[in-house]
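Before any comments, here is the structure.
Protein chains: 2
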Amino acid sequence: MRNLLIIGAGRSATALINYILKEAKEHNFFITVADADIALAQAKVGSSPNSRAIWLDASKPNDRRDIISRADVVVSLLPPQMHLEVAQDCIALGKHMVTASYVSTQVLRLGDEARQRALVFMNEIGLDPGIDHMSAMQRIDGIRAKGGKVTAFYSFAGGLVAPESDDNPWHYKFTWNPRNVVLAGQGTAQFLKNGRLKYIPYRRLFRQYQLIDIPGMGQWEVYANRDSLLYREAYGLQNIKTLFRGTIRHRGFCDAWNALVRIGLTDSAFPIVGSEKLTYYDLMDAFLGVSEYTGTLKERIAQLIDVAPDSDVIKKLEWLGLFSKRRIKVKNGTPALILENLLLEKWAIKPKDKDMVIMQHIFEYELDQKKYKLTSTLTIKGRDGADTAMSQLVGLPLGVFVKLLMLGKISTTGINIPTMPEVYGPVMEELEQYGVVFSEEEEEITGA
Amino acid sequence: MRNLLIIGAGRSATALINYILKEAKEHNFFITVADADIALAQAKVGSSPNSRAIWLDASKPNDRRDIISRADVVVSLLPPQMHLEVAQDCIALGKHMVTASYVSTQVLRLGDEARQRALVFMNEIGLDPGIDHMSAMQRIDGIRAKGGKVTAFYSFAGGLVAPESDDNPWHYKFTWNPRNVVLAGQGTAQFLKNGRLKYIPYRRLFRQYQLIDIPGMGQWEVYANRDSLLYREAYGLQNIKTLFRGTIRHRGFCDAWNALVRIGLTDSAFPIVGSEKLTYYDLMDAFLGVSEYTGTLKERIAQLIDVAPDSDVIKKLEWLGLFSKRRIKVKNGTPALILENLLLEKWAIKPKDKDMVIMQHIFEYELDQKKYKLTSTLTIKGRDGADTAMSQLVGLPLGVFVKLLMLGKISTTGINIPTMPEVYGPVMEELEQYGVVFSEEEEEITGA
Numbered sequence: 001m002r003n004l005l006i007i008g009a010g011r012s013a014t015a016l017i018n019y020i021l022k023e024a025k026e027h028n029f030f031i032t033v034a035d036a037d038i039a040l041a042q043a044k045v046g047s048s049p050n051s052r053a054i055w056l057d058a059s060k061p062n063d064r065r066d067i068i069s070r071a072d073v074v075v076s077l078l079p080p081q082m083h084l085e086v087a088q089d090c091i092a093l094g095k096h097m098v099t100a101s102y103v104s105t106q107v108l109r110l111g112d113e114a115r116q117r118a119l120v121f122m123n124e125i126g127l128d129p130g131i132d133h134m135s136a137m138q139r140i141d142g143i144r145a146k147g148g149k150v151t152a153f154y155s156f157a158g159g160l161v162a163p164e165s166d167d168n169p170w171h172y173k174f175t176w177n178p179r180n181v182v183l184a185g186q187g188t189a190q191f192l193k194n195g196r197l198k199y200i201p202y203r204r205l206f207r208q209y210q211l212i213d214i215p216g217m218g219q220w221e222v223y224a225n226r227d228s229l230l231y232r233e234a235y236g237l238q239n240i241k242t243l244f245r246g247t248i249r250h251r252g253f254c255d256a257w258n259a260l261v262r263i264g265l266t267d268s269a270f271p272i273v274g275s276e277k278l279t280y281y282d283l284m285d286a287f288l289g290v291s292e293y294t295g296t297l298k299e300r301i302a303q304l305i306d307v308a309p310d311s312d313v314i315k316k317l318e319w320l321g322l323f324s325k326r327r328i329k330v331k332n333g334t335p336a337l338i339l340e341n342l343l344l345e346k347w348a349i350k351p352k353d354k355d356m357v358i359m360q361h362i363f364e365y366e367l368d369q370k371k372y373k374l375t376s377t378l379t380i381k382g383r384d385g386a387d388t389a390m391s392q393l394v395g396l397p398l399g400v401f402v403k404l405l406m407l408g409k410i411s412t413t414g415i416n417i418p419t420m421p422e423v424y425g426p427v428m429e430e431l432e433q434y435g436v437v438f439s440e441e442e443e444e445i446t447g448a
Numbered sequence: 449m450r451n452l453l454i455i456g457a458g459r460s461a462t463a464l465i466n467y468i469l470k471e472a473k474e475h476n477f478f479i480t481v482a483d484a485d486i487a488l489a490q491a492k493v494g495s496s497p498n499s500r501a502i503w504l505d506a507s508k509p510n511d512r513r514d515i516i517s518r519a520d521v522v523v524s525l526l527p528p529q530m531h532l533e534v535a536q537d538c539i540a541l542g543k544h545m546v547t548a549s550y551v552s553t554q555v556l557r558l559g560d561e562a563r564q565r566a567l568v569f570m571n572e573i574g575l576d577p578g579i580d581h582m583s584a585m586q587r588i589d590g591i592r593a594k595g596g597k598v599t600a601f602y603s604f605a606g607g608l609v610a611p612e613s614d615d616n617p618w619h620y621k622f623t624w625n626p627r628n629v630v631l632a633g634q635g636t637a638q639f640l641k642n643g644r645l646k647y648i649p650y651r652r653l654f655r656q657y658q659l660i661d662i663p664g665m666g667q668w669e670v671y672a673n674r675d676s677l678l679y680r681e682a683y684g685l686q687n688i689k690t691l692f693r694g695t696i697r698h699r700g701f702c703d704a705w706n707a708l709v710r711i712g713l714t715d716s717a718f719p720i721v722g723s724e725k726l727t728y729y730d731l732m733d734a735f736l737g738v739s740e741y742t743g744t745l746k747e748r749i750a751q752l753i754d755v756a757p758d759s760d761v762i763k764k765l766e767w768l769g770l771f772s773k774r775r776i777k778v779k780n781g782t783p784a785l786i787l788e789n790l791l792l793e794k795w796a797i798k799p800k801d802k803d804m805v806i807m808q809h810i811f812e813y814e815l816d817q818k819k820y821k822l823t824s825t826l827t828i829k830g831r832d833g834a835d836t837a838m839s840q841l842v843g844l845p846l847g848v849f850v851k852l853l854m855l856g857k858i859s860t861t862g863i864n865i866p867t868m869p870e871v872y873g874p875v876m877e878e879l880e881q882y883g884v885v886f887s888e889e890e891e892e893i894t895g896a
């Protein structure tokens with residue numbers, strides 16, 4: 001295999017393209033980067049001789065198939081809703097396909113066809129999902145190999161700002177999709193605790209956070225993800241008693257975010273008519289409804305959300321400018337869209353800022369009538385606001401996997417996520433060169 | 449005009465078909481009722497000589513257009529998302545069109561074409577929307593005609609159970625779309641109070657209800673609708689200070705419904721995996737999360753929602769069977785779907801039950817330096833569980849309007865809702881024969 005096609009040259013493509021261009025010369029790969037913005041694609045491949053940038057409107061089936069037909073392996077970095085069409089083309093044209101996105105039910109249905117044609121369709125091989133699957137399965141398989149039985153699995157991850165660049169009271173900046181941050185947790189979080197199902201509805205999610213210790217980094221907050229049960233089968237943990245996945249945030253974040261939820265600012269169902277004529281003050285005032293509260297806007301909001309007017313939560317809201325008479329910029333926006341627009345400005349990562357990714361897995365397992373707890377933690381910082389840890393950790397696993405695939409080292413065909421040793425072994429090994437090293441602590445659990 | 453086509457013979461068609469068949473003989477109308485279920489359409493027209501039932505799959509454009517081309521007036525009782533296609537056919541074929549549904553933005557865009565072709569497209573001419581528009585505009589125009597200026601407008605409506613058939617602790621039964629009842633209020637309610645915008649997010653909606661007096665019927669609860677500001681322009685109330693629309697429920701309903709919201713049972717975003725393997729007990733237990741509460745399930749739920757275990761709220765939940773070990777019937781259902789399925793059984797209207805519709809408008813207006821308050825109230829009961837007040841009040845205004853249109857008495861072309869005197873005058877007058885009589889109280893407002 002020689003020809004790699006990368007569809008999409010946006011932010012998530014940079015680390016992948018840089019990695020694979022470096023490998024291209026040694027392995028005689030030829031890299032085609034296709035994007036509707038040809039200048040962007042050109043800038044990403046630069047002057048590398050083993051590559052070209054081409055124009056492609058991926059929504060045009062004929063153009064897309066023409067380009068795909070000339071590749072051996074296709075990486076789709078398109079928006080998730082477009083993966084299905086690309087996957088159907090790859091099946092029809094007999095091409096392998098790789099994405100960092102969640103597998104949709106429709107794509108999953110192509111599994112038999114992919115296997116019949118001996119095609120490799122690897123998905124969820126970025127950071128989260130991606131490195132979380134691989135690092136967890138490596139340890140789960142390790143425990144099983146020595147005869148142990150995993151009884152509890154906790155997995156936490158967060159895209160954060162590094163302490164040296166942390167200069168705002170929320171201790172947070174955007175390093176990934178802001179919309180997902182604003183809408184995070186809407187729905188019902190589901191997990192298992194001591195053999196019993198647990199649900200947390202959105203309205204209680206940011207109140208019921210827990211605290212975790214990250215070695216050398218102190219305590220952090222974790223709120224439950226919606227999908228803790230999703231990978232029970234994929235990880236072979238059908239009989240596990242406790243299974244919990246969560247998102248990591250700085251101390252104080254959840255209480256303040258919960259205030260935004262309580263006020264109503266994360267609602268995305270209904271637009272505020274004429275929002276562009278309002279100030280943030282007007283918006284907050286309107287959310288007080290016909291209330292019994294008295295005093296300044298700040299004092300009344302404090303009463304609404306049951307905190308003191310000089311509390312950290314109110315200070316965070318004030319820092320965002322929510323009590324100010326600045327005009328809202330979004331026209332007929334939902335509260336969530338208005339909030340997103342404000343946070344984009346306030347939580348922007350600056351050119352010299354460093355981001356930080358934290359991931360922690362905790363496994364409890366039984367072996368020879370004893371109980372153990374294994375804690376496995378990754379903390380890794382980016383270089384600056386453009387070359388973030390987040391973008392590196394999404395792009396590098398994709399790149400390493402694509403290299404292995406093109407070198408003929410992957411035998412697992414069909415629609416998959418990276419839970420098998422032939423994938424996580426070499427990928428995680430090579431990622432160590434890039435600083436992806438989990439520190440491990442193990443202890444015996446004694447007493448009750 | 450002689451030929452009326454009614455597309456859709458379901459529950460909402462009965463009162464319309466019965467009314468128009470009675471009128472058909474006198475006015476020499478010919479009524480065609482089209483439905484994918486030909487037996488249902490046949491049953492609805494019966495043996496009336498001025499009518500026929502035909503088979504129609506409305507999703508097939510050619511069949512649909514063929515049938516529409518032979519009519520003068522088309523009533524669409526199809527699901528709302530299909531109105532656009534029917535409207536486009538009616539424009540192309542030069543037919544008038546009538547619906548009881550909300551006007552969509554896409555349908556609204558056909559306005560110029562409809563006017564150019566002198567076509568009448570009347571929408572929102574059922575009960576709510578429908579009778580609410582007509583009865584309100586009648587009074588608003590009346591106040592204006594004598595030189596008054598409307599400063600506040602409150603409008604409340606509810607589809608309820610009549611006191612003589614009220615035999616459950618919720619004092620509520622379904623007389624219309626159960627899904628809409630379960631999902632009611634999700635989003636942000638918006639209204640005007642003393643010149644200021646007010647928003648109530650879903651999480652506070654059922655807590656911030658108000659009480660209203662219905663003459664002879666005591667006090668009722670009202671929670672805010674999402675759309676209070678929607679008709680400001682249509683009613684000509686651009687400069688009004690207070691504008692509020694709400695839904696009427698029995699005393700005690702909102703607190704108990706708020707408990708369901710707080711527990712998380714109205715969430716429709718995420719399915720509970722394997723819900724068919726759980727009991728209601730398991731579901732409620734799971735919603736307690738990892739909580740600090742102790743005692744029986746009932747006691748722990750009471751603690752979660754801050755009420756006493758022997759409170760009316762808990763009694764209502766218990767009556768629904770939410771603490772029981774009965775198995776849930778819905779497979780992989782969202783909490784909202786599981787709740788809807790349970791309520792369908794518990795809140796079913798029985799064959800001999802009577803329903804009741806209450807509608808109340810309150811207008812505050814200024815006239816000759818004095819302030820007045822006009823309260824206009826309708827309460828009307830159904831005959832039984834099949835012939836409900838709800839279905840009568842949706843079907844009759846449609847029927848009366850269609851008759852007027854076919855007799856050439858409607859001159860307002862384009863896409864409209866029934867806010868004009870030539871519509872509300874004769875329709876409301878004829879509805880009086882069917883018991884649709886608003887009682888009026890007027891008083892001068894003195895003091896502050």
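Residue numbers (the numbering used here), protein chains in the order written: chain S, 1 to 448; chain P, 449 to 896.
Note that CB positions come from ideal geometry on N, CA and C, so glycine has one too.
Being a predicted model, the structure only gives us computed values, none of them experimental.
May I ask you to list the residues that DSSP assigns as paired with residue i?
i	result
L243 (chain S)	S:F153 and S:L192
Q667 (chain P)	P:D661
H96 (chain S)	S:V73
R775 (chain P)	P:T727
R647 (chain P)	The residue you asked about is not Arg; residue 647 (chain P) is Tyr in the sequence shown. DSSP, once it has assigned bridges, lists P:Q638 as partnering Y647 (chain P).
S439 (chain S)	S:T377
E464 (chain S)	Chain S is shown from 1 up to 448; residue 464 (chain S) falls before or after that span and cannot be answered.
A484 (chain P)	Beta-bridge pairing links A484 (chain P) to no other residue.
N416 (chain S)	S:M122
R52 (chain S)	S:T32
L304 (chain S)	Bridge partners of L304 (chain S): none, in fact.
Counting only Cβ pairs nearer than 7 angstroms, list the residues of chain S close to residue i.
i	result
D485 (chain P)	Those within 7 angstroms of D485 (chain P) in chain S number zero; the least Cβ separation is about 31 angstroms.
Using a cut-off of 8 angstroms between C-beta atoms, extract the partners of residue i located in chain P.
i	result
V290 (chain S)	K641, K646 and Q656
Just confirm the distance between the C-beta atoms of residue i and residue j, as a whole number of angstroms; I'd bet it's less than 8 angstroms.
i	j	result
I125 (chain S)	V74 (chain S)	Not quite, the Cβ-Cβ distance comes to about 14 angstroms (not below 8 angstroms), so this is no contact.
A501 (chain P)	Q490 (chain P)	4 angstroms
K851 (chain P)	I588 (chain P)	With 8 angstroms as the limit, K851 (chain P) and I588 (chain P) do not qualify as a contact, their Cβ atoms being about 25 angstroms apart.
L567 (chain P)	G542 (chain P)	7 angstroms
Y729 (chain P)	L745 (chain P)	6 angstroms
S135 (chain S)	S376 (chain S)	7 angstroms
F174 (chain S)	Q360 (chain S)	In fact, because the Cβ distance is near 22 angstroms, the residues do not count as touching under 8 angstroms.
So with CB distances below 9 angstroms, who are the chain P contacts of residue i?
i	result
D306 (chain S)	What D306 (chain S) touches in chain P: nothing, since even the nearest Cβ is about 13 angstroms away.
So which residues of chain B does residue i contact, with C-beta pairs closer than 9 angstroms?
i	result
A734 (chain P)	In the structure shown, chain B does not exist; the protein chains are S and P.
Strictly below 7 angstroms CB to CB, what residues from chain P border residue i?
i	result
P335 (chain S)	T636
Could you name the residues of chain S that residue i contacts, counting a contact when the two beta carbons are closer than 9 angstroms?
i	result
D730 (chain P)	R196 and L197
key: chain P contacts from the region 245-262 of chain S (Cβ-Cβ distance under 9 angstroms)   = V261 and R262
message = Closer than 8 angstroms between beta carbons: that is the criterion. Which residues of the region 196-209 of chain S meet it against chain P?
response = R196, L197, K198, Y199, I200, P201, Y202, R203, R204 and Q208
Members of the region 712-724 of chain P near chain S, C-beta cut-off 8 angstroms = G712, D715, A717, F718, I720 and V721
ask   = If contact means a Cβ-Cβ distance below 8 angstroms, which residues of the region 172-192 of chain S contact chain P?
value = Q186, G187, T188 and Q190
message = Please give the ranges of any alpha helix (DSSP H) in the region 565-622 of chain P, keeping only runs that are unbroken, at least 4 residues long and fully inside the region.
response = 579-593
ask   = Which ranges would you report for the beta strand (DSSP E) in the region 309-396 of chain S if only whole runs of at least 3 residues count?
value = 355-367 and 370-381
task = Closer than 8 angstroms, Cβ to Cβ, to anything on chain S: give me those residues from the region 664-693 of chain P, in chain order.
result = R674 and L677
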